[in-house]
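Reading through the structure tokens given below for one structure.
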Amino acid sequence: MCLHHKLFLICLLFFILTGCWDSHDIEELYMEIGAALDKPKTSTLRRNKEQNQIKLTLQNISPTQLPSESDQGNKKKKYQNLTGVGDSVLEIFREFSLKNDSPPYGQHLKVLVIGEELLKEKNLQILLSLFNRSLEVRDSCILLVAKGEAAKTLKISTDIPAFTLIGIGENESHSANLLPITTNGKATRSMANDENMAIQSVSTKNGKIKFNSAALIKGGVNRLVGYLDEDEVKGLNMLTGDIKGGILKGKDPKTKGLIAYNISSVKSSITPYIEGNHLSFDISIKSVGRLNEDGVHAGNAFSNKFIHRTELAIKEETERLLNQTLTRLQKQQKLDVAGFGEQVRIHYPKQWNHLKRNWDKYFSEASIKLNVSITVEDYMVKGKKEISQ
Amino acid sequence: MKGQIVPMTKWQQKNTSENQKIEKNDSGHQSIISKPNDFTTDIHVNLNQIKQAIGHNTDVIFRSFLLGSTGIEASIVYVDGLVDKKLIQDQILKSMIYDLAGIFSRETLPTPDHLKDWINNQVIALSEIKEEKSLDSTIISILSGSTALLINNIDIIFLLGTVSFKSRSIEEPITESLVRGPREGFNENLADNRALLRKGLPDPSLTMVEYEVGQRSKKKLLLLYLEGLTNPDLISITKDRIEKFDLDIALESGYIEQFIQDDHLSPFPQVQSTERPDRVIAALTEGRVAILLDGTPFALIVPVTFSMFLQSPEDYYERWIPGSLIRILRYLAAFATVFLPSIYISFISFHQGLIPTKLAISIAATREGVPFPSVIEALLMETAIEVLREAGLRLPRPVGQTVGLVGGLVVGEAAVKAGIVSPIMVIIVAITAISSFAIPQYGAGIALRMLRFGSMLCAAIWGLYGVILFFILLAIHLCKLKSFGVPYVSPAAPYSISGWKDFIVRFPLMTMKNRPQMMHVLDDKRQKDDV
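The listed protein sequences derive, respectively, from chains H and G.
Every number in my numbering is 9 more than the matching position in the first sequence, counting from 1.
Every number in my numbering is 144 more than the matching position in the second sequence, counting from 1.
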């Protein structure tokens with residue numbers, strides 16, 4: 010057989026060894042766009058398996074559900090929620106295939122909500138193992154923790170709830186109360202390193218949703234141990250410097266009027282010091298922002314005094330937030346989610362080896378010094394305020 | 145029938161032997177080329193020979209007369225409609241009948257030799273006059289528009305150049321119109337076309353070699369190149385190929401193209417055809433060879449590269465930035481022509497995860513209720529649009545536009561409404577069709593449209609993997625292909641940095657100091673270096 014024939018046969022293999030078995034037309038797919046994991050209600054369970062059961066709610070967009078041109082007036086729901094209970098996530102998925110004409114398709118799964126009850130009991134790593142093992146669900150899938158039942162977040166009264174969740178999650182530049190998005194990939198990495206995590210948590214009420222706190226996950230056990238409230242989330246964001254926007258409200262020290270400060274940027278640096286057995290941190294936070302709104306009568310933005318007062322007011326507020334957050338993290342939760350440990354690892358790699366095993370304990374005992382500087386760089390297009398009252 | 149294309153001179157040398165061959169094979173109507181002979185001194189015998197050959201045709205006119213008062217019988221033979229009758233009357237008949245009378249009379253009859261000289265030198269005031277001894281050539285000449293003059297006692301025939309055929313005026317080339325650039329295009333008359341080139345390139349090195357093509361059609365074919373610039377190997381290859389093939393009739397330069405191209409199985413055209421003299425001149429000065437055929441406005445340019453089909457003369461007439469951008473656009477259009485439908489098919493039937501979620505959902509919604517798999521849908525629509533294109537092309541212009549509109553809008557809309565195809569598929573097909581029309585050369589556009597179907601099938605069976613395999617196969621084929629010794633995808637492969645100055649981007653003219661490297665020209669400087 011000459012070389013040409015061999016080459017030809019090899020090339021032929023490229024074609025004949027593959028085929029169209031992967032071909033599914035797009036309209037025949039049940040596209041999963043959101044999923045929620047919950048602990049099932051006890052009444053629905055069989056007694057013997059009570060402990061390990063998981064309830065999976067899948068939000069699907071199926072073309073039959075989509076309003077076509079002909080029935081535009083007809084207000085159908087655009088999505089469909091499927092629910093299944095079982096002790097393995099995969100088993101529930103397979104179960105869905107028995108109930109629908111087309112298989113679920115996971116590549117568009119964008120958001121995964123985990124119920125509080127479940128997360129308190131089960132290791133997140135185990136819950137996510139299916140999503141991480143298979144290639145179908147992407148690492149960019151967003152992870153959220155639901156206060157209360159996770160399935161409810163996929164039933165909120167918006168057009169397509171999963172998209173709403175993603176949309177709110179991406180509003181970082183408008184609010185300082187949102188944590189940076191935790192993706193599936195990021196969570197997996199943190200869990201592999203036994204790191205603590207703060208994951209955005211959401212709560213639902215009367216079919217409305219709010220992103221209002223952060224769930225604290227303890228590394229190693231990967232379970233939910235507590236929450237940060239909105240102010241504390243803001244403080245945590247300041248500590249990590251992950252703020253792209255949002256406001257801080259302060260009170261003018263002289264007139265007690267309201268001052269709204271729009272954050273343009275926050276730079277934070279955490280510097281660890283180890284002297285003997287004593288661990289301390291210097292936190293320096295520098296923020297630049299704009300004066301957007303003030304309730305101070307006769308507040309004259311052209312006067313440096315007023316600007317200085319503004320900066321002072323915001324500084325006080327920032328310090329209050331930081332202290333609140335640090336108190337919560339250090340004293341109450343005893344959990345480092347702001348990256349203090351990382352800085353120690355960088356600055357004192359040798360000591361870190363001893364510290365890392367009991368890091369949360371050391372962290373809770375460390376003393377922390379705050380250094381906040383606020384600069385109002387811009388008072389928008391208004392200077393002197395005319396008072397007509 | 146043994147026809148052969150040889151340069152004129154050779155043809156004449158071979159005349160006798162060739163005619164003998166023909167005589168053996170033919171009979172009846174073919175008697176136009178009957179006897180290898182000379183004429184006799186008797187005008188009646190000669191006339192009879194001609195009459196026997198072509199006299200039964202009503203358009204062949206025989207006109208007998210006497211040379212003035214000498215009483216010598218003479219006769220002219222011509223084909224009505226191919227000759228300028230006014231010329232015959234004024235320059236031939238008048239001078240033969242009247243002028244000779246003043247010189248000779250019945251008493252002082254001239255000797256035949258004397259008379260021949262007189263006719264050649266003083267009587268006939270025409271620029272083309274030829275003495276012919278062969279009956280076959282005489283008859284071909286008469287049928288091509290010459291007038292034969294027979295005179296008693298003279299055993300040769302004068303062939304007078306009286307060809308006058310109404311040719312189309314020089315108009316704007318229809319298939320290659322430009323916004324900016326000369327509005328002249330070739331017409332069907334070789335002399336006009338040749339003149340257009342001479343006018344545009346009055347360079348003494350412009351060489352034209354004439355061939356006769358087609359055993360029956362006897363068309364003139366011109367091979368043009370710049371002597372001392374064009375690579376001699378290229379010239380000899382081209383000459384070889386032109387001399388080699390055997391053809392009965394050559395109606396259009398497309399016949400020639402198909403005989404001289406390198407690979408007749410390749411979907412890509414390996415010869416460029418153009419109606420634009422400026423394009424031919426540009427090619428000649430780049431060191432290419434041009435071929436002109438009588439009776440068609442399409443000149444051929446060899447060798448070609450793939451990039452030439454995506455170039456328009458306008459790229460050079462415009463400033464370099466818009467010229468380059470438009471050229472890049474054409475490359476994108478060419479890519480879209482081949483691959484857009486197949487990428488769409490593979491996305492929606494294999495790789496739905498690669499589509500942004502919201503787009504995926506809206507595509508799924510529009511495809512809801514479509515009864516066919518995407519590939520059938522695509523094939524259906526692509527075929528429909530090809531039919532529309534063809535229909536619009538063949539119909540008279542006003543009707544053609546209506547067909548385009550009716551087909552494109554009404555049928556498309558109705559098909560979507562009826563749920564047979566999805567609106568997005570209509571968009572894809574329309575973009576593909578429009579892209580294919582953005583390719584300046586019609587022939588290249590057809591090639592790419594053809595390949596589109598192949599890539600669509602690959603996409604339907606193997607998804608993006610198949611599209612990539614198809615692309616690789618295409619790339620292999622393109623790299624292998626050569627046009628007259630020049631690699632088809634040069635300057636990309638084989639790579640030449642200087643060639644990239646005029647490839648996807650057109651660099652400013654002052655940076656293009658040398659002629660294309662791939663042509664291996666003898667004189668590669670286009671501009672002086674120090675300017």
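Glycine included, C-beta positions come from ideal geometry on N, C-alpha and C.
In this text, all values refer to a predicted model and were calculated from it rather than measured experimentally.
Quiz item: Under 8 Å between the Cβ atoms of Leu121 (chain H) and Phe105 (chain H)?
Solution: To locate residue 121 (chain H), count along the first sequence from 1; it is residue 112. To locate residue 105 (chain H), count along the first sequence from 1; it is residue 96. No.
Quiz item: If you measure from the beta carbon of Gly607 (chain G) to each beta carbon in chain H, is any gap under 8 Å?
Solution: Indexing the second sequence from 1 puts residue 607 (chain G) at position 463. For Gly607 (chain G), the answer is yes, since a Cβ of chain H falls inside 8 Å of its Cβ.
Exercise. Hey, could you find the ends of the alpha helix (DSSP H) Gln333 (chain H) is sitting in?
Key: In the first sequence, the residue the question calls residue 333 (chain H) occupies position 324. Run containing Gln333 (chain H): Asn313 to Leu335, per the alpha helix (DSSP H) assignment.
Quiz item: Would the beta-carbon of Ile263 (chain G) fall within 8 Å of that of Phe183 (chain G)?
Solution: Here residue 263 (chain G) refers to the residue found at position 119 of the second sequence. Here residue 183 (chain G) refers to the residue found at position 39 of the second sequence. Cβ atoms of Ile263 (chain G) and Phe183 (chain G): not closer than 8 Å.
Quiz item: Looking only at C-alpha atoms, which of H:Lys217, H:Glu36, H:Ser382 and H:Ser296 sits nearest to Lys111 (chain H)?
Solution: Along the first sequence, one-based indexing puts residue 111 (chain H) at 102. In the sequence under discussion, the amino acid at residue 111 (chain H) is Ser, which differs from the Lys named in the question. It is H:Glu36.
Quiz item: Alpha carbon to alpha carbon, what distance is there between Leu484 (chain G) and Ile323 (chain H)?
Solution: In the first sequence, counting from the first residue as 1, residue 323 (chain H) sits at position 314. In the second sequence, counting from the first residue as 1, residue 484 (chain G) sits at position 340. Cα-Cα distance, rounded: 56 Å.
Quiz prompt | Assigned secondary structure, Lys265 (chain H) (DSSP; H/G/I helix, E/B strand, else coil) | solution = Within the first sequence, numbered from 1, the residue matching residue 265 (chain H) stands at position 256. If DSSP states are grouped into helix, strand and coil, Lys265 (chain H) belongs with coil.
Quiz item: If the cut is a Cβ gap below 7 Å, which residues of chain H does Ser518 (chain G) touch?
Solution: Along the second sequence, one-based indexing puts residue 518 (chain G) at 374. The contacting residues are Asp34.
Quiz item: Do Arg659 (chain G) and Arg650 (chain G) have their C-beta atoms closer together than 8 Å?
Solution: As a position in the second sequence, residue 659 (chain G) is number 515, starting the count at 1. As a position in the second sequence, residue 650 (chain G) is number 506, starting the count at 1. Result no, Cβ atoms of Arg659 (chain G) and Arg650 (chain G) do not sit closer than 8 Å.
Exercise. Look at the alpha carbon of Ser171 (chain G) and the alpha carbon of Lys364 (chain G), and state the distance between them as a whole number of angstroms.
Key: Reading the second sequence from its first residue, position 27 is the one you call residue 171 (chain G). Reading the second sequence from its first residue, position 220 is the one you call residue 364 (chain G). Low confidence applies here, because Ser171 (chain G) scores a pLDDT of 41, under 50, leaving its location unreliable; read the following figure in that light. When rounded, the distance between both Cα atoms is 26 Å.
Practice problem: Could you confirm whether any beta carbon from chain G is found closer than 8 Å to the beta carbon of Tyr114 (chain H)? | Solution: Residue numbering aside, residue 114 (chain H) sits at position 105 when the first sequence is read from its first letter. Taking Cβ atoms only, chain G reaches closer than 8 Å to Tyr114 (chain H), which makes this a yes.
Quiz item: Got a sec: is the Cβ-Cβ distance from Ile564 (chain G) to anything in chain H below 8 Å?
Solution: Taking the first residue of the second sequence as 1, we reach residue 564 (chain G) at position 420. Not closer than 8 Å to any Cβ of chain H, the Cβ of Ile564 (chain G) fails to qualify, so no.
Quiz item: Apart from the five residues on each side of it in sequence, which residues of its chain come closer than 8 Å, Cβ to Cβ, to Thr655 (chain G)?
Solution: Position 511 of the second sequence, counting from 1, holds the residue named residue 655 (chain G). Lys645, listed in sequence order.
Quiz item: Roughly how many angstroms lie between the CA atoms of Leu46 (chain H) and Ile101 (chain H), to the nearest whole one?
Solution: Counting from one through the first sequence, the residue named residue 46 (chain H) turns up at place 37. Counting from one through the first sequence, the residue named residue 101 (chain H) turns up at place 92. Their backbone Cα atoms lie some 11 Å apart in a straight line.
Quiz prompt | Nearest-angstrom beta carbon gap, Val307 (chain G) and Ser290 (chain G) [assumed within contact, 8 Å] | solution = Residue numbering aside, residue 290 (chain G) sits at position 146 when the second sequence is read from its first letter. Residue numbering aside, residue 307 (chain G) sits at position 163 when the second sequence is read from its first letter. 7 Å between Cβ atoms; contact.
Quiz prompt | Any chain H beta carbon closer than 8 Å to Glu512 (chain G) | solution = The residue labelled residue 512 (chain G) in the question sits at position 368 within the second sequence. True, the Cβ-Cβ gap to chain H drops below 8 Å.
Practice problem: Count the other CB atoms, across all protein chains shown, that sit within 10 Å of the CB of Ala637 (chain G); report buried if there are 16 or more and exposed otherwise. | Solution: For the purposes of this step, residue 637 (chain G) is taken as residue 493 along the second sequence, with counting starting at 1. Exposed, by the Cβ-count rule.
Practice problem: Under 8 Å between beta-carbons, which chain H residues line up against Leu613 (chain G)? List them in chain order, please. | Solution: As a working note, residue 613 (chain G) is residue 469 in the second sequence. Ordered by position in chain H, the residues that pass the 8 Å Cβ test against Leu613 (chain G) are Phe23 and Phe24.
Quiz prompt | Neighbourhood of Gly643 (chain G) by C-beta, 7 Å cutoff - its chain only, sequence neighbours within 5 removed | solution = Translated into positions along the second sequence, residue 643 (chain G) becomes position 499. Contacts found: Ser634, Pro635, Pro660, Gln661 and Met662.
Practice problem: Could you spell out where the alpha helix (DSSP H) holding Asn202 (chain H) opens and where it closes? | Solution: One-based indexing of the first sequence puts residue 202 (chain H) at position 193. Unbroken run through Asn202 (chain H): none, as it is neither H nor E.
Quiz item: Using 8 Å as the limit for Cβ to Cβ distance, is Gly82 (chain H) near chain G?
Solution: In the first sequence, counting from the first residue as 1, residue 82 (chain H) sits at position 73. With a pLDDT of only 49 at Gly82 (chain H), under the threshold of 50, the placement of this residue in the model should not be trusted, and no figure is reported.
Exercise. Determine, using beta-carbon pairs with one atom in the region 619-631 of chain G and one in the region 439-453 of chain G, whether at least three such pairs fall under 8 Å.
Key: yes
Practice problem: Compute the Euclidean distance between the alpha carbons of Glu130 (chain H) and Asn246 (chain H), then round it to the nearest angstrom. | Solution: Here the question's residue 130 (chain H) lines up with position 121 in the first sequence. Here the question's residue 246 (chain H) lines up with position 237 in the first sequence. Approximately 27 Å, taken between the alpha carbons.
Exercise. Kindly give me the distance between the Cβ atoms of Gly254 (chain H) and Glu326 (chain H), rounded to whole angstroms, as I take these residues to be in contact under 8 Å.
Key: On the first sequence, position 245 is the one that residue 254 (chain H) refers to. On the first sequence, position 317 is the one that residue 326 (chain H) refers to. With a Cβ gap of about 16 Å, Gly254 (chain H) and Glu326 (chain H) do not count as contacting.
Quiz item: Around the Cβ of Phe581 (chain G), are there at least 16 other Cβ atoms within 10 angstroms (buried) or fewer (exposed)?
Solution: If you number the second sequence from 1, residue 581 (chain G) lands on position 437. Burial call: exposed.
Quiz item: Does DSSP classify Lys672 (chain G) as helix, strand or coil?
Solution: Here residue 672 (chain G) refers to the residue found at position 528 when the second sequence is read from its first residue. In this structure, Lys672 (chain G) counts as coil in the three-state DSSP scheme.
Quiz item: Are the region 607-624 of chain G and the region 530-546 of chain G touching, with three or more C-beta to C-beta distances below 8 Å?
Solution: no
Exercise. At 7 Å on the CB atoms, spell out the chain G contacts of Asp31 (chain H), in chain order.
Key: One-based indexing of the first sequence puts residue 31 (chain H) at position 22. In chain order: Phe494 and Gly607.
Practice problem: Look up Gly372 (chain G) in the DSSP assignment and say whether it is helix, strand or coil. | Solution: Taking the second sequence and counting its residues from 1, one reaches residue 372 (chain G) at position 228. Three-state DSSP puts Gly372 (chain G) in coil, outside helix and strand.
Self-check item: Contact list for Gly28 (chain H) against chain G, beta-carbon separation under 8 Å
Solution: The count along the first sequence starts at 1 and reaches residue 28 (chain H) at position 19. Under the 8 Å cutoff, chain G gives Ile605 and Trp606.
Quiz item: Cβ atoms of Asn296 (chain G) and Ile205 (chain G): under 8 Å apart, would you say?
Solution: Here residue 205 (chain G) is taken as the residue at index 61 of the second sequence, counted from 1. Here residue 296 (chain G) is taken as the residue at index 152 of the second sequence, counted from 1. For Ile205 (chain G) and Asn296 (chain G), no; Cβs fall outside 8 Å.
Quiz prompt | Rounded C-alpha distance that separates Asn202 (chain H) from Gly228 (chain H) | solution = Working through the first sequence from its first residue, we reach residue 202 (chain H) at position 193. Working through the first sequence from its first residue, we reach residue 228 (chain H) at position 219. Between Asn202 (chain H) and Gly228 (chain H), the C-alpha separation is close to 8 Å.
Quiz item: Between the C-alpha atoms of Arg142 (chain H) and Leu99 (chain H), what's the straight-line distance to the nearest angstrom?
Solution: On the first sequence, position 133 is the one that residue 142 (chain H) refers to. On the first sequence, position 90 is the one that residue 99 (chain H) refers to. In a straight line, the C-alpha of Arg142 (chain H) is about 11 Å away from that of Leu99 (chain H).
Quiz item: Cα separation between Leu373 (chain G) and Gly629 (chain G)?
Solution: Sequence index remark: in the second sequence, residue 373 (chain G) carries index 229 (1-based). Sequence index remark: in the second sequence, residue 629 (chain G) carries index 485 (1-based). In a straight line, the C-alpha of Leu373 (chain G) is about 17 Å away from that of Gly629 (chain G).
Practice problem: Spell out whether any CB of chain H is found under 8 Å from the CB atom of Ala504 (chain G). | Solution: Stepping through the second sequence from its first residue, residue 504 (chain G) is reached at position 360. So, interface residue.
Self-check item: Cutoff 6 Å; reference Ser373 (chain H); Cβ partners in own chain excluding five residues on either side
Solution: Here residue 373 (chain H) is taken as the residue at index 364 of the first sequence, counted from 1. Within the same chain, Ser373 (chain H) has close Cβ partners Gln339 and Lys343.
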